[in-house]
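Going by our numbering, the sequence shown opens with residue 437, and the numbers climb by one from there. Just so it is clear, CB atoms sit at the ideal spot from N, CA and C, and this is done for glycine as well. Since the structure comes first, as structure tokens, the remarks are kept for the end.
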Amino acid sequence: MSSATFDLPRYLSVLPLFADMQSDELRRLAGSGCRMQRVGRGEAIFRVGDCCDEFHVVVTGQVKLFALASSGAEKVIELVGPGNSFGEAAMFSGKAHTVNAQALSETLLLSIAKEAVMGEIQRDPRFSLRMLAGVSKRLHGMISDVESYCLHSGIQRVIGYLLRDHLVEDQLANQSITISLPVSKATIASRLSLTPEYFSRVLHELEDEGLIEIDRRDIHILSTRGLASYPLQ
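Following this line, the structure appears as structure tokens:
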């Protein structure tokens, strides 16, 4: 995708955050408040302590939000894929970033300036409600993650991750599906608060049970119903 020919107003219009904006508002925001940037694999987008005067939307690629312990150990907080945003909370708080952001692959990033966002809020206060809804959704997701870490076993977390994009109806229909891990197993393990060794061991256990087949980063789920009920079946 060429950023030079990218239809920015149209792209903004399909994002939930901007879906209710009028065409002139979208053109104004695209013209003065947005910039496109390509970020190479492994390149830092921001680090803890950096000033935050914009937030970002992943157009293509994958971004990792993570924290570093004093020992140097890394904890992945969130994996951000295409169409999803990050950095809003820090932008509104007026404080520095409290996590690090790094591109996990070649990434096309849309960055939206705080000044432009505040201008649109002044024009239409409803815009702030939509942004607040987006931040709240992320907060609820993080709370769910904490609950999962505390209340669910490691194997339940892995199964939940594999079935994360599939509804209960799909599981009841006993679908056979294939998913591709968007990042390395070590990164996903950190996201789930597991060691890479344990994550791999669980995948092989599920394969031995005949529930999945592993082909590098492709995971063939042979029975969504069986996987959803394991090991309770």
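- Residue 521 counts as buried, since no fewer than 16 other beta carbons sit within 10 angstroms of its beta carbon.
- With respect to residue 615, residue 650 sits apart: the two C-beta atoms are not nearer than 8 Å.
- In the three-state reduction of the DSSP assignment, residue 526 falls in the helix class, which pools H, G and I.
- DSSP places residue 484 in the coil class of the three-state scheme, outside both helix and strand.
- Between residue 493 and residue 543, the gap from beta carbon to beta carbon reaches 8 Å or more.
- Comparing alpha carbon positions, the residue from 597, 644 and 479 closest to residue 630 is 597.
- Pairwise C-beta distances place the segment 454-464 out of contact with the segment 507-522, as fewer than three of them are shorter than 8 Å.
- As computed with DSSP, residue 654 is found in a beta bridge with 616 and 651.
- Cβ atoms of residue 500 and residue 538 come within 8 Å of each other, at about 5 Å.
- DSSP, reduced to helix, strand and coil, places residue 588 outside both helices and strands of the structure shown, so it counts as coil.
- Residue 476 and residue 546 have their C-alpha atoms roughly 14 Å apart.
- In this structure, the alpha-carbon of residue 590 lies about 19 Å from that of residue 619.
- In this structure, the straight-line span from the alpha carbon of residue 610 to that of residue 449 is close to 36 Å.
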